[in-house]
Amino acid sequence: MSEDKDKVEGYRQQSGKLPFPRPGSGGSRGTSDLRDEEAIAGIKGLGEHKHDDLVTGSAVGKPTALVDGRWKVTGQAQYGDDVRLPGELIGRIVRSKHHYARVLSIDVSAALELPGVVAVATGRDASGSFGVLPVTKDEHAMAQEKVRHVGDPVACVAAIDESTAREAVRLIEVEYEELEALHDMRGGLEDSDEPIHDRGQYHIGSSNVQKRVFQEFGDIKGMADNAVASHSSSWKFAGANHGFTEPHAVVANWDPSGRLTLYTPQQVPHYVHRALADVLDVPMHQINVHRTFVGGGFGGKSDPFPHEMCAAILSRKTGRPVRINFDREEVFWVNRGRHPSRIDMNLHADSEGRLCGIETDALIDGGAFASFGHVTTYYNGVLHTAPYEIGAFHYTGARVWTNKPASGAMRGHGAVNSRCAFEVGMDGIAEQLRVDPITLRLANLLPPHSATITGFRVTSIGMRECLERVREASGWDEKFRKLPYGHGIGVGCGFFISGSGLPIHWEPNKFPHATVHLKVDMDGGVTVHTGAAEIGQGSDTVVAQSVAEVLGLPLDMIRIRSRETDTAPVDLGSYSSRVTFMNANAAISAAMEIRQELLDAAAEMTEAPNDRLVIGDRRIYMRDDPKIGVSYLEALHKAQEDKGALVSSGAYRTPPMGRVHKGAGAGIAPAYSFSAYVAEVKVDVETGQTKVLKVWAAHDCGKALNPLSVKGQIIGSCHMGLGQVLSEEMKYGRNGHLINPDLLDYKIPTIHEMPEVVPIIVESNDSEGPFGAKEAGEGPLLPILPAVCNAVYDAIGIRTSELPITPDRVHRMIEDRCKKEEMDPLDLDSPVLRHSELQATLEARASEHAERDFLRASDPDLPDYNNGALFGFNPEIPADEQDERWVVSVTPDSDYMESPRLAGSAWKHAERRHGGGS
Amino acid sequence: MVQFRLPMLPAAGEVPWSAVVNDEEVSLSIESNAILLDVLRDQAGSLGTKRGCDMGTCGCCSVLIDGVPRLSCLTLAQEGSGCSITTVEGLADGHHLHPIQQTFTECGGSQCGFCTPGFLVVISALLEDNPTPDDAEIKAAIEGNLCRCTGYQQIVDSVRAASNILTSGEAIEDSTAAKSDPDPGYVAD
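Residue numbers (the working numbering), protein chains in the order written: chain A, 112 to 1029; chain B, -4 to 184.
Here you go:
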């Protein structure tokens, strides 16, 4: 991309009348018809796209400053704790000091006598349960009967100031009967006298298994038989917290008309809206959820939270606004971070270097509540069935409740840990086959417009270009297995959903996932009403860009109203990387309606035929005679005659996709993103310190609508992933206490730990994405973990299977290796690679596939391609319909249950409704 | 009213406090043990100064006291008494942003924006001191600030761009200047 195109063209518009040398000045091209590849900023990718006719490049494809950036840099942006209403009270929450206990009594009398205390609430004030998933509503505003982790809310107080509120919390006496706490996730698989939750007839035995998944696809029996190389690993991943800088905060206010406004930094206002209605027992239309600026979310602000309920309850009791602001410690207690996990994985490759089998067993520690757990349990498996073609996939996953702060959704939800194990396994397989790991990957990729082994419909795939570009940029061929001891390079790939195909509230309905309303009044400015939650990722900006692009307007004429559920149409929120894909698509369809009205008006005024008119920069004119035309404002005023403001509504719903087995909906997405990273590291053999020197990060986001934001997301994802691989860990002491609930001991990388990241944007032009775009918010996190682990192996010949790789762990692994090989640390050698004959075979296959992929990406009329073709099956029919050895099964048989793996042993219990437990 | 306190804290008496906050004389009555961050946010109206960790680890609460970056969450308000205090609200000149504010929006230095005020005041002090910092100096200046969104790279880009503006003397636009005209007129080739 040239210097000139990299220039930011955000809100810096010049004022006054502009002389136009030719119609339109918005982009590098004047008109909005006829596609001119050269002129459209950065448009790439193959094949036709349904929005191609709209793109002038005047608003999308250019680095664009965030439309709300100026509020942030001036300190004017209001975050949760910055909402100050007259007469506000300060709320504080009384939290459990036990891991697991029955609440016998709560004595609030002393607190109520304290001058300045206005109200106290306990679980009796709100008994309704809630949870982000309708099938697992296992949370309450405050403890009903039991507390399930240290920090679980028991009661709350509202007082005139913070010190009074804190003192009142101290005065509330809670009598507990301690119960035996469960800290080790493995214990959750066993029967318990007192399971942490009771799911009634759906409870799995008497265990603490919250969710279990069993999946068998493909030639399960054959995978080990056909294998010439197998890599087994047994991973332990520590829990990680989002570490957003803004602690949770909320303000609740019941106004004189009896309606509640909840000001909260939420990623998903809609689910809070639903949960509040349930818990407060009022209809949804009586509640306005006002999303404040969000000081970082990353998945950690996407559940409805107890403190939000508490603020609403206290405000209802007192008749005054109540503000609750968290200490950092409370943020860690609420958590919803990455699951601590134990993942065992076996990868098998056959003599032709094909992946003939993946066996994954993932036990994940859910902590005290279900949160998004159903989904996480699936994602740990199904999200590593691509981008490679595989012969068999065997997955057992289980999520257990323990008495820890709840795990939940965190950037790269459910996919990060198993992807790390998988990509490290690929490195191990390449080593056993004596082939280059990048070549191995290139020779096993699924083509564009294909179906994975579990039936995901994959549209565009930029994986091949990602790998090729990082290989070239990093100088891979000169470095891999050739750097001196202690210095290494490694590769990792990623695959992630671009929006979840199945909405969380999946009762059969035809509600759209995203809706955008537009209003254009006589001033000419366009007001966009959307419920997409701007959490810093730039969703307001991307929606504004989309509308501006379709209407041929400068960005400063678009204003976004995305804050309040009162005015915004329902949107499912900022999670699962869905916002750009779904909201921009909805915005485009809303803008198309307005566009048509403007064209009709212009046609009437100019008497030019409607289909010969085009929209340029604030002008509508005849394609072949630009002199004939009207300005945007003239056309708008004509269109408004006898009618008033132009309004329109656009919506997006995913197309029907996927197969029909139980759990088939998990991981289904309208498009998927792909990424490949190469990391270069230095490991100090004496201290065990790993320093990441440089990262080449290629990500296929379909089309970068705002390259500035895409790069920001890539680099930011690297930062967060590096934290998890190098230093971040929620540490629990011997008694199960979280010992580092603060930002000093929970080690987020500072600028000194950050390597230079070279973001490489790959554009595969997705056929269904808005202007070809897919996601860029979560996928870029996945590859960094395995890339670093593989680079560490290249550097010192040690394969880690525990994260984070803190210096003490690396040092211990070096010591172990020295002991085993009876060597001095300074005499150790890094691994070497002498290519086997397979290397040439794989290279030939990779280049053959490159051709195949090119054709498939550019041809609009494709025959189907199902996973399995690489193994000799007819690509147009799923392999399991061609060969009975290929199975599709989602329940274990008795053979498997004779020697189940760790998470697989969750199936030894029967659900109560099927006669299990008591 | 009787003041109730956590047992370890002594009851605080009120003391007069005055300082120049963002070029404006502010006189308040504060609790003698009040933390500067609380006084700035709750009494002096600087809600732009953010509370991230309360223990000096995140840098979100950074302010300048007599031009020197300080963590307001670890500073007793009384230490700032009689001083000149600059918060993020004091960086812009009316509607003309400080160069670092301008470049933060343009170069992606700010995503969620919560850590931004802390970074901005620290960087403004750096640029005041040294308008052309090199990479090591930039890193040293912001090593006490955590950012979870950007991975710092675009923050460093922003500092370099601001340094260019400062050395070139480029004017910063007034954000209230007229924006795009919806009826721009048409001039043929």
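A virtual CB, placed ideally from N, CA and C, is assigned to each residue, including glycine. Computed from a prediction, not measured in an experiment: that's the story for all the values here.
Using CA coordinates, which residue listed in the options is at the minimum distance from residue i?
{"i": "Asp877 of chain A", "options": "A:Ser742, A:Pro781, A:Glu500", "result": "A:Pro781"}
{"i": "Met633 of chain A", "options": "A:Leu594, A:Leu683, A:Glu752, A:Ser561", "result": "A:Glu752"}
{"i": "Ala473 of chain A", "options": "A:Asp940, A:Thr861, A:Glu463, A:Ile454", "result": "A:Ile454"}
{"i": "Ala221 of chain A", "options": "A:Arg281, A:Glu305, A:Arg734, A:Gly832", "result": "A:Arg281"}
{"i": "Arg963 of chain A", "options": "A:Gly1026, A:Tyr743, A:Leu556", "result": "A:Leu556"}
{"i": "Arg956 of chain A", "options": "A:Pro558, A:Gly191, A:Leu225, A:Tyr490", "result": "A:Pro558"}
{"i": "Pro376 of chain A", "options": "A:Ala584, A:Ala643, A:Cys604", "result": "A:Ala643"}
{"i": "Gln106 of chain B", "options": "A:Leu819, A:Pro894, A:Ile916", "result": "A:Leu819"}
{"i": "Val405 of chain A", "options": "A:Met395, A:Arg385, A:Lys428, A:Val379", "result": "A:Val379"}
{"i": "Pro1063 of chain A", "options": "A:Thr691, A:Arg402, A:Glu224", "result": "With chain A covering 112 to 1029 only, the question about residue 1063 of chain A has no answer from this structure."}
{"i": "Val806 of chain A", "options": "A:Ser786, A:Gly813, A:Phe622", "result": "A:Ser786"}
{"i": "Glu288 of chain A", "options": "A:Val214, A:Ser274, A:His308, A:Gly354", "result": "A:Val214"}
{"i": "Val229 of chain A", "options": "A:Asn901, A:Leu425, A:Leu892", "result": "A:Leu425"}
{"i": "Asp811 of chain A", "options": "A:Ser341, A:Glu797, A:Ser784, A:Ile895", "result": "A:Ser784"}
{"i": "Pro86 of chain B", "options": "B:Ser67, B:Cys102, B:Phe114", "result": "The sequence as given places Leu at residue 86 of chain B; Pro does not occur at that position. When only C-alpha atoms are compared, the closest one is B:Phe114."}
{"i": "Ala157 of chain B", "options": "B:Cys68, B:Leu121, B:Leu31", "result": "B:Leu121"}
According to DSSP, which residues form a beta bridge with residue i?
{"i": "Met456 of chain A", "result": "A:Ser344, A:Thr471"}
{"i": "Lys257 of chain A", "result": "A:Arg213"}
{"i": "Leu914 of chain A", "result": "A:Phe348"}
{"i": "Asp476 of chain A", "result": "A:Val511"}
{"i": "Tyr976 of chain A", "result": "DSSP output for Tyr976 of chain A lists no bridge partner at all."}
{"i": "Pro64 of chain B", "result": "B:Leu59"}
{"i": "Tyr287 of chain A", "result": "A:Val214"}
{"i": "Ala335 of chain A", "result": "Note: Ala335 of chain A sits in no beta bridge, so no partner."}
{"i": "Phe443 of chain A", "result": "Phe443 of chain A is not bridged to any residue."}
{"i": "Lys322 of chain A", "result": "A:Arg510"}
{"i": "His401 of chain A", "result": "A:Tyr374, A:Glu675"}
{"i": "Gly573 of chain A", "result": "Its beta-bridge partners do not exist; DSSP assigns none."}
{"i": "Pro264 of chain A", "result": "A:Arg206"}
{"i": "Ile600 of chain A", "result": "A:Glu791"}
{"i": "Pro11 of chain B", "result": "B:Ser24"}
For residue i, go through chain C and note every residue whose CB falls closer than 8 Å to its CB, in chain order.
{"i": "Glu138 of chain B", "result": "Annotation note: the requested chain C is absent from the structure, which comprises protein chains A and B."}
With respect to the alpha helix (DSSP H) encompassing residue i, which residues constitute its N-terminal and C-terminal limits?
{"i": "Tyr788 of chain A", "result": "It is not in any alpha helix (DSSP H) - Tyr788 of chain A instead sits in the beta strand (DSSP E) that spans 783 to 794."}
{"i": "Ile671 of chain A", "result": "Not the alpha helix (DSSP H): Ile671 of chain A falls in the beta strand (DSSP E), residues 669 to 672."}
{"i": "Glu589 of chain A", "result": "587 to 590"}
{"i": "Thr550 of chain A", "result": "548 to 553"}
Give the C-beta separation of residue i and residue j to the nearest angstrom, bearing in mind that I take them to be a contact with Cβ-Cβ under 8 Å.
{"i": "Phe984 of chain A", "j": "Arg465 of chain A", "result": "At roughly 12 Å, the Cβ-Cβ gap does not stay under 8 Å, so Phe984 of chain A and Arg465 of chain A are not in contact."}
{"i": "Thr638 of chain A", "j": "Arg670 of chain A", "result": "5 Å"}
{"i": "Ala188 of chain A", "j": "Gly40 of chain B", "result": "With 8 Å as the limit, Ala188 of chain A and Gly40 of chain B do not qualify as a contact, their Cβ atoms being about 15 Å apart."}
{"i": "Gly823 of chain A", "j": "Gln149 of chain B", "result": "6 Å"}
{"i": "Gly468 of chain A", "j": "Arg910 of chain A", "result": "Between Arg910 of chain A and Gly468 of chain A the Cβ distance is about 20 Å, and since that is not below 8 Å, they are no contact."}
How would you write the range of the beta strand (DSSP E) that residue i sits in, first residue to last?
{"i": "Met633 of chain A", "result": "It is not in any beta strand (DSSP E) - Met633 of chain A carries neither H nor E in the DSSP assignment."}
{"i": "Ala423 of chain A", "result": "From DSSP, Ala423 of chain A is part of no beta strand (DSSP E) but of the alpha helix (DSSP H) over 417 to 429."}
{"i": "Ser657 of chain A", "result": "No beta strand (DSSP E) contains Ser657 of chain A, which is instead part of the alpha helix (DSSP H) from 650 to 662."}
{"i": "Asn436 of chain A", "result": "433 to 436"}
{"i": "Tyr732 of chain A", "result": "730 to 733"}
{"i": "Pro870 of chain A", "result": "867 to 873"}
{"i": "Leu757 of chain A", "result": "757 to 763"}
{"i": "Asn985 of chain A", "result": "Unbroken run through Asn985 of chain A: none, as it is neither H nor E."}
{"i": "Thr70 of chain B", "result": "First-last for Thr70 of chain B: undefined, no H or E at that position."}
Worksheet item: Is the region 1009 to 1028 of chain A in contact with the region 349 to 363 of chain A, if contact means three or more CB pairs nearer than 8 Å?
Response: no
Item to complete: Take every Cβ of the region 511 to 525 of chain A, pair it with every Cβ of the region 843 to 852 of chain A, and state whether three or more of those distances are shorter than 8 Å.
Response: By the Cβ criterion, the region 511 to 525 of chain A is in contact with the region 843 to 852 of chain A, since at least three pairs of Cβ atoms, one from each stretch, lie closer than 8 Å.
Practice prompt. Specify whether the region 381 to 389 of chain A and the region 229 to 247 of chain A touch according to this definition: at least 3 beta carbon pairs, one from each stretch, less than 8 Å apart.
Written response: Contact between the region 381 to 389 of chain A and the region 229 to 247 of chain A is present, because at least three Cβ pairs lie under 8 Å.
Worksheet item: Is the region 175 to 183 of chain A close to the region 349 to 358 of chain A, with three or more CB pairs under 8 Å?
Response: Touching, no, given that fewer than three Cβ pairs across the two stretches are closer than 8 Å.
Discussion item. Would the region 192 to 212 of chain A count as touching the region 255 to 263 of chain A if we require 3 or more Cβ pairs under 8 Å?
Written reply: yes
Discussion item. If contact is defined by three or more beta carbon pairs under 8 Å, each pair taking one atom from either stretch, is the region 523 to 540 of chain A in contact with the region 319 to 330 of chain A?
Written reply: no
Discussion item. Does the structure place the region 134 to 142 of chain B close enough to the region 84 to 100 of chain B that three or more beta carbon pairs sit under 8 Å?
Written reply: no
Worksheet item: Do three or more CB pairs link the region 708 to 720 of chain A to the region 898 to 917 of chain A at distances below 8 Å?
Response: no
Worksheet item: With contact counted as at least three CB pairs below 8 Å, one residue from each stretch, are the region 290 to 304 of chain A and the region 266 to 280 of chain A in contact?
Response: No: fewer than three Cβ pairs fall under 8 Å.
Discussion item. Closer than 8 Å is the cut-off here; do at least three beta carbon pairs connect the region 762 to 773 of chain A with the region 570 to 577 of chain A?
Written reply: no
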